[in-house]
Ligand code: ADE
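What follows is the structure in structure tokens.
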């Protein structure tokens, strides 16, 4: 997968060199290129923002550097072919979730445009739609200072779904949100810590009992912490939600 990021803070994306994503990059599984929006300005001060038409607080990102940057990203000789997916992080965008992570993991080419200040001139997304599949994407219902943190979160969630990035692919299967339920609780040695015992069923060696216990834990946790996630199908089986002492 190819990922291009356009930002005025390239250093903000430095964590993409680390850990899982860093390893995936070095293994050639993902190719991430970060572009400095200011490289696409033409004035001495490398200006990327201006005051909003119509008045109001704050500054708006100018369209010209964005137009040039996106054109550069799209037409670089090493760029993969086809229509790239342009993701514009914004609190007003589509809420990012695991289903969207899966959707994006199937794309060959993602381009992120990180807005700052009060946002990017509206015409940038309109014009980009001629060459990109444009999606505004939100991390959640709160306001960040810019799109960079969203890019880090989305890139991590997407890249770990790519074949070969997570060593043990099985660990992806039973994760929170993969099937609409939260994950079951996990324990490791010692069997007793600070007087707290690991649930006996996990030491029983009875794989069927362990699977049943874990499923029950997932249902209970989801009902307690995220009832909004429970599908009508789960809600229709309230017997499964009986609390285990
Ligand atoms: N930029 C500012 N706030 C954001 C949010 N909640 N999600 C994605 N990008 C943002």
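Residue numbers (the numbering used here): 48 to 292. C-beta: ideal position from N, C-alpha, C; glycine also.
Collapsed DSSP secondary structure at residue i in the structure displayed
i	result
residue 56	coil
residue 182	strand
residue 135	strand
residue 143	coil
residue 244	strand
residue 190	coil
residue 163	strand
residue 65	coil
residue 170	helix
With 16 other Cβ atoms within 10 Å as the buried cut-off, status of residue i
i	result
residue 48	buried
residue 54	buried
residue 82	buried
residue 202	buried
residue 197	buried
Supposed contact pair residue j and residue i - C-beta distance, whole angstroms, cut 8 Å
i	j	result
residue 168	residue 108	6 Å
residue 173	residue 99	So it is not a contact: roughly 17 Å between Cβ atoms.
residue 178	residue 130	7 Å
residue 110	residue 158	Actually they are not in contact, since the Cβ atoms of residue 110 and residue 158 sit about 16 Å apart, beyond 8 Å.
Proximity to residue i [Cα-Cα], best of the options
i	options	result
residue 199	126, 79, 73	79
residue 293	193, 124, 91, 224	There is simply no residue 293 to check, as the chain begins at 48 and stops at 292 in what is shown.
residue 133	194, 273, 245	194
residue 138	255, 162, 264	162
residue 262	245, 253, 228	228
| Can you list the beta strand (DSSP E) stretches of 3 or more residues lying completely in the segment 193-276, in chain order? | You should have found no qualifying run.
| request: Can you check the segment 69-127 for any alpha helix (DSSP H) of at least 4 residues that lies completely inside it and give the ranges in chain order? | output: Unbroken alpha helix (DSSP H) stretches of 4 residues or longer found wholly inside the segment 69-127: 110-122, given in chain order.
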